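The structure appears below as C-alpha cells.
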Amino acid sequence: MPTASRTDTLNRLSAAVGPQGIFTAPAELEPYVNDWRGIYQGGAAAVVRPANAEQVAAIVKICAETRTPIVPQGGNTGMCGATVPDPKQNPVVVALGRMNRIRDVDGLNNTMTVEAGCVLANLQQAAADVNRLFPLSLGAEGSCQIGGNLSTNAGGVNVLRYGNTRDLVLGIEAVLPDGRLWNGLRSLRKDNTGYDLKHLFIGAEGTLGIITSAVLTLFPRPAANAVAWLAVPSPEAALELFSMMRECFGDRITGFELISRVCLDLVLKHIPGTRDPLAQPHGWYVLTEVGDSTTDASIRAELESVLEKAMEKSLVIDATIAESQARAQALWKIRETIPEACRDEPGMLYRHDIAVAVGKVPQFIKDGEAALIKHFKKPNIICFGHLGDGNLHYNSFVEGRMRSDPAAREAHDVTTVIYDIVKQYKGSFSAEHGVGIAKLEEMKRYKDPVEIDLMRTVKRALDPLNIMNPGKVLA
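One gets the numbering used here by counting positions in the sequence shown from 1 and adding 271 to each.
Below, the structure written as C-alpha cells:
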C-alpha cells in the first residue's frame, strides 16, 4: 500500500473508532504482532480496537474499499500463528478485546449471549453465578477470548463430555468481508431453515469474516465431582482403565488425560508452586475427573471402588484422589501448564496436535517414538493429551536445535515423520489447535485435494478480495 493511501486509510479507521481505538506506534503494536511463544514475529500498519459490532463493520468496509488485509485477533494465545500479521502485507490487526460485554444470561434456556472479546474465564464465572456451567476449559482460559475460541473451534479438557467449541454454540453474529453485519444470534435448539451458516465461521480462523458475538450453550452445574491422579504402567493400561471407567460412569467422565513423566518433570522444573502428586516417580499418569448431581462422598466412593478394581488388575500402580477443590485445581494446574513449561525449556519444540481413533493411541505412541529415535539424535518426547477422545499432543525436542535458529523453526522433517504415521492411522494432523501459518504445508500434503478445492471455493465466494487473514489456513 503506498504511503499516501495508507495514511488515508488509517485516518478513516481512526475516524471510525476514535483515536483511543487505534495504535500505530511500534511499542504499542508489539503485543499484537508477535505470538506468545516467541516463535512468530510479525508487523502491521495499525492495531484497531473496535468497541462494538458496528465499528467492526465500518473497519472491514474501509479495508475492503482500500484492499487492506485484515488480521482478526482475540487474546493472541494460539499455537499456530493464525493471529500473527505478515509484515510484507502491511495489514491492519482488528483486536476485539474492548468488545467484552455479556449481553444476556438465560438460566431457563441455558444460554448466554456474549461479545467476542470476553475472556473465557469470565464467561465460566458468569455461568457459575447463575448455577450453570459453561464447560469450555483450557490452559489459556485466563487470557484467551471467546471469539478466538470460536474461530479455532477450540477443544480443551472437557471435550469428552461436552464436545468442542462448535458443539457449544447456538448462534453467532459476524461481519462479512464486504463489511455487512450478519445477525445470526439465535438461541434455538432446532432451526431447520437451510444451511447452518454459523459453522462456516467457527473454525475458519478469521479467514471468512469476523465473529463479533455468540449465543453459547450452558449446562446444569454438577453438584459434585472427584478428581484423581493415577500412576499407570503404560498407555495400554490407561486405555483399559478408560474403558472400565466408561462402563461405570458413562458420560459422567468429564476428563481423562494421559501424561508422561517427562511432562511432569518439566512442570516441576518450570512452574512455581507445583509438586509431585505421588511419593514415587512413574513413567505414565492419568488425570481424570468425574462429575454428577449426587454428593461428593457418593461419587468419590464410586471412583474409589473402580480404582480398587483397577489396582487388582494392575491397571493402576498408585493413586491420589483430591480431598478438596484446591487440591483438584492443583492437579489440573499440572496438566494445564505443560505448554507453558515447554516454552520455558531451551530448545526448539516441534508440536504435534494429532488425533487418531481412541483404541489406536497406545500403538501410535510406540510407532512415533520408534520413528523419531530412528531419524533423529536423542529426541526428547513430550507426550500428553486427551486420551478419552484420541487427541494427543505428541511433541518433541531434538538435540542441538534451538528456537532462535530460523532453520530449526522452519524445518518440517520432524513433523513429517510424525504426520506420515498419523496419515497411516487415518488421523488428523490438527485436532484442536487449527492450521494458521504453522500447518500450511501439511494442508497441502495431507488434505484431500477435493476438500481443499471446496474450501477455496467457499473462501473465494465470501472473500473474493482475499483480505480476511490472508495466508492462513489456505496458502
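Positions of the beta carbon are idealized from the N, C-alpha and C atoms, including for glycine.
No experiment lies behind these values; they were computed from the predicted model shown.
| Query | Result |
| --- | --- |
| What does the Cβ neighbour count give for L407, buried or exposed, with the cut at 16 atoms within 10 Å? | buried |
| Using CA atoms only, rank isn't needed, just tell me which of N282, A287, G345 is closest to A316. | N282 |
| Along the chain, where does the beta strand (DSSP E) containing E386 start, and where does it finish? | 382-386 |
| Any idea what DSSP makes of P491, helix, strand or coil? | strand |
| Is W307 helix, strand or coil by DSSP? | coil |
| Whose C-beta lies closer than 6 angstroms to the C-beta of Q634 among residues of the same chain, with five residues either side of it excluded? | none |
| Going along the chain, which residues of its own chain have a beta-carbon closer than 8 angstroms to the beta-carbon of V440, five neighbours each way excluded? | L421, K469, I473, A485, V486, L487, T488 |
| Does the distance from the C-beta atom of F655 to that of I530 stay below 8 angstroms? | yes |
| Cutting at 8 angstroms between CB atoms, please list the residues of its own chain near E628, excluding the five before and the five after it. | As written in the sequence, residue 628 is Ala, which differs from the Glu given in the question. For A628, where only same-chain residues beyond five positions count, the Cβ hits under 8 angstroms are G661, Y696, K697, G698. |
| Classify V721: buried if its beta carbon has 16 or more other beta carbons within 10 angstroms, exposed otherwise. | exposed |
| My output table needs one value for N496: the three-state DSSP class, helix, strand or coil. | strand |
| Within a Cβ cutoff of 6 angstroms, which residues of the same chain sit near F520, ignoring the five residues on either side of it in sequence? | V561 |
| Helix, strand or coil: which one does DSSP assign to L602? | helix |
| Please state the DSSP three-state secondary structure of R562. | What sits at residue 562 in the sequence shown is Gly, not Arg. Here G562 sits in strand by DSSP. |
| Under 8 angstroms between the Cβ atoms of I443 and P343? | no |
| When we look at the beta-carbon of D624 and count the other beta-carbons within 10 Å, is it buried (16 or more) or exposed? | buried |
| Could you please give me the residues that DSSP links to M739 through a beta bridge? | I341 |
| Where does P273 sit, in a helix, a strand or coil, going by DSSP? | Unreliable placement is indicated for P273, whose pLDDT of 48 sits below 50; no coordinate value is reported for it. |
| Beta-carbon separation of H553 and I588 under 8 angstroms? | yes |
| Roughly how far, in whole angstroms, is the beta-carbon of L667 from the beta-carbon of L643, given that I think they are within contact range, below 8 angstroms? | Just to set this straight, residue 667 is Ser in the shown sequence, not Leu. That pair is a contact at about 6 angstroms. |
| How would you call A590, buried or exposed, if buried means at least 16 neighbouring beta carbons within 10 angstroms? | buried |
| Look up L439 in the DSSP assignment and say whether it is helix, strand or coil. | helix |
| Starting from the C-beta of Q291, find all residues in its chain whose C-beta is less than 6 angstroms away, skip the five residues before and the five after it, and write them out in chain order. | none |
| State the DSSP-derived secondary structure class of R523, mapped to helix, strand or coil. | helix |
| Please report the distance separating the alpha-carbon of P273 from that of N361. | Note on P273: pLDDT 48, under 50, position unreliable in the model; the coordinate value appears next. Approximately 10 angstroms between the Cα atoms of the pair. |
| For Q375, which option in L367, V355, V401, G352 has the closest C-alpha, if you only look at C-alpha atoms? | Note that residue 375 is Asp in the sequence shown here, rather than Gln. It is V401 whose Cα lies nearest to the Cα of D375. |
| Skipping 5 residues on each side, what residues in its chain have a beta carbon closer than 8 angstroms to that of I652? | S531, V533, G639, E640, L643, Y665, N666, S667 |
| Of the residues V669, I689, K743, which one's Cα is nearest the Cα of G618? | V669 |
| Output the distance between the C-alpha atoms of P506 and E611, rounded to the nearest integer angstrom. | 24 angstroms |
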